[in-house]
Each structure stands twice: as C-alpha cells, then as structure tokens.
Amino acid sequence: MSSLSPLSQAIHDAPRWHQADSLQNPNDIQIQPLAGAALGAVVTGLDAKKAQTGATIYRLKQALAQHLVLIFKQQHLDDLQYLAFASYFGSIFRPSSDNPVLGSQADTGTPPDVVPVSNAVGQGDYTGHAELKPHADHQWTPLPSFASLLYAIEIPEQGGQTTWYNTIKAYDALDETTKAEIDHLQLITYNPFVRAQNTTATGSYGNSPLYRFHDQPIVGHGYPHPLVRVHPETERKALWLNTHSEVELLNYDDQAGSELIARLRAHILKPAFRYTHHWEQGDLVFWDNQVSLHSREPFPAEQRRLLKRISLAGSRPF
Ligand SMILES: O=C(O)CCC(=O)C(=O)O
Ligand SMILES: [Fe+2]
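The sequence shown begins at 162 in the working numbering and counts up one residue at a time.
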C-alpha cells in the first residue's frame with residue numbers, strides 16, 4: 162500500500178490519540194479578550210490534541226471572527242496532531258505551482274501542509290532572522306488563505322515578536338470622504354516571491370517598489386482584489402492593503418494612486434490598531450488573514466527560532 166499524505170495520515174490516526182486523551186470538554190475552555198489591545202484573545206483550558214466537539218469549534222470560529230487572533234497557550238503537538246486540529250476549521254491552503262508562496266518547494270512548486278518558519282539553514286529558513294514587514298499571507302494569489310496558525314517550538318531570547326494589525330479598526334477610523342473614495346477600488350498586490358525569483362532581491366517581503374507606475378515592468382501575474390474587503394461572517398469592512406510590497410490600483414492615475422496608497426499605509430501603521438505578541442514555547446496563534454496584517458521583528462542570527470505554520474483555504478475576496 163502506498164504511504165498516505167500527512168493530512169490523510171493525521172485524520173487516519175486521530176482516533177487513536179483522541180481515545181487516549183478523551184474528548185475536550187467545552188466547559189473547560191475560557192476565551193479572554195486581551196485587555197487594551199486592538200485585537201486578540203487568549204484561549205485557555207483547551208488541549209488541541211483532543212477530539213473537539215461541535216460546541217467548541219463553533220465557539221472558536223465565532224471568537225476568531227470577533228477577535229481576529231486567538232492565542233492558545235501550552236500546546237504539545239506533533240505535525241499530524243497539529244494538522245488534525247487545524248482541519249476542523251477548513252481545508253489546508255494548497256496554491257497551484259504557478260503562484261509561489263512561502264515554503265514553495267523547488268521540485269513541486271507548492272508548499273508542504275506544515276511550513277517550518279525558522280532560521281535554521283535548510284530547515285525552513287525561508288524568512289531568516291530579518292524583520293518581516295506587515296502583510297497578509299498569500300494576498301498576491303487568486304485565492305488567498307482565510308487563516309493561518311503558527312505554533313511556537315523554539316523561541317529566541319531576544320526579538321522575534323510578531324505583531325498583528327486590525328484592519329477593520331483601521332478602515333473604521335478613516336474619514337467618510339476617504340471611505341467613499343476607496344470603497345469600490347480594486348488593488349493588485351504583486352507576488353514578492355516571483356520578484357525574488359526574477360531579480361536579485363533576497364528577502365520575501367519588503368524589497369520591492371511600493372507602487373507600480375505604468376512605465377515599470379510587471380513582475381509575475383496580478384490578481385485584482387478589493388482594497389476594502391468584507392469579512393464573510395461579520396460583514397465588517399477592512400482595509401486590505403499590506404504596507405511594503407508592490408501594489409497597483411486598477412484604472413487609477415499613477416501619481417494619485419501612489420499618494421493614496423502611501424497615505425493609507427501610514428494610517429494602518431498607527432499604534433492604535435495593533436497587538437504585539439511575545440512568544441512562549443507552546444503558544445499556538447490562529448489568526449484571521451482576511452482582515453488583519455502581521456509583521457515580525459528581527460532577532461539575532463545566532464539564536465534559533467522555529468515555528469510551524471498551517472494555512473487554511475479561503476474564498477475569492479469580496
Ligand atoms: O515569523 C513570524 O513570526 C511570522 C512569519 C510569517 O509572516 C508567517 O508565518 O506568515
Ligand atoms: Fe506571514
């Protein structure tokens with residue numbers, strides 16, 4: 162018999178470890194919003210290894226839509242247990258090979274289901290130890306992921322904090338004239354991984370021009386998505402714009418477009434819209450990638466950092 166894919170193996174094996182661990186009791190779970198933060202809630206009393214009930218998954222989905230970032234503390238998961246938990250919330254994100262993303266492999270052109278995010282050479286060192294500028298994962302693909310999870314296995318002593326930005330709050334805080342001006346605009350976010358393949362740019366986010374003027378070459382394919390994105394469960398509007406990769410507004414004057422985008426980007430970066438997470442080993446952070454951005458602070462090259470990421474498939478943005 163041929164061997165199973167990691168996801169098939171996870172679902173195949175789950176009853177064995179679930180049986181030993183028994184079912185998660187939904188009444189043991191507490192969800193505590195982060196005091197004074199623009200987004201985020203801490204989930205305690207949940208063991209992601211256990212089999213989960215409908216009551217728990219429904220509550221977590223609602224909490225995710227409301228708080229955008231859920232932080233599960235003190236988890237102990239191997240890759241298959243991690244995949245089995247993440248899959249309660251939807252299908253694993255599997256981009257086609259024509260759209261390179263973080264972790265895309267040279268042979269298949271696609272990423273593994275569990276992407277190591279590490280600075281260890283040859284073991285998932287796709288992002289190294291440098292700063293990562295605010296971005297939404299996979300925004301440059303036709304069908305970006307709806308959510309991602311990061312699980313902390315090794316944490317450096319200094320740096321490496323991850324910050325999340327609430328782009329619903331950023332949109333809400335705009336003046337009415339700006340809202341009316343941007344509500345129906347379409348934006349192309351060019352794929353920084355294609356740029357890295359075609360140029361001498363090294364890092365994945367933040368080495369490109371900030372705006373494409375029409376006399377500049379197009380690097381890779383462009384997929385227009387709404388600049389103001391609507392959350393599918395809450396109908397809240399969000400400003401869906403990363404802060405440093407190359408973008409272009411459709412049917413818009415170059416100069417006016419680049420100025421509008423620069424103004425919106427400065428607005429998103431206001432401290433009022435963010436939460437910075439100081440990682441502890443065993444943290445599992447689950448975020449809504451449709452209405453948030455995230456960035457990472459640099460950390461010393463000689464200190465090891467290993468997190469593992471799973472992304473979940475999303476719809477065409479609207
Ligand atoms: O290393 C981090 O904290 C975040 C990396 C990242 O952007 C990602 O995994 O999507
Ligand atoms: Fe990311």
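Heads up, the beta-carbon is just placed ideally off N, CA and C, and yes, glycines get one too.
Per the Cβ contact rule, the segment 450–465 is not in contact with the segment 407–422 (fewer than 3 Cβ pairs under 8 Å). Annotation: the continuous alpha helix (DSSP H) that includes residue 355 extends over 353–359. Residue selection by CB proximity (closer than 7 Å to any heavy atom of ligand 2) returns 263, 293, 296, 298, 309, 455 in chain order. Between residue 290 and residue 460, the C-beta spacing is below 8 Å. When DSSP states are grouped into helix, strand and coil, residue 398 belongs to the strand group. Residue state for residue 470 is assigned as strand, using DSSP reduced to three classes. Not one heavy atom of ligand 1 sits closer than 7 Å to the Cβ of residue 255.
For residue 205, the enclosing beta strand (DSSP E) has its first and last residue at 202–205. The DSSP-derived three-state label of residue 296 is strand.
Residue 457 has 293, 323 as its beta-bridge partners, per DSSP. A distance criterion of 7 Å places the beta-carbon of residue 452 beyond contact range of ligand 1, judged by its closest non-hydrogen atom. As DSSP reads the structure, residue 437 sits in a beta bridge with 324.
Residues 377, 407 of the same chain have their beta carbon placed closer than 8 Å to that of residue 370, with the five preceding and five following residues left out of the count.
Exposure of residue 237 is indicated by the presence of fewer than 16 other C-beta atoms within 10 angstroms of its C-beta. The C-alpha of residue 384 is placed about 30 Å away from the C-alpha of residue 437.
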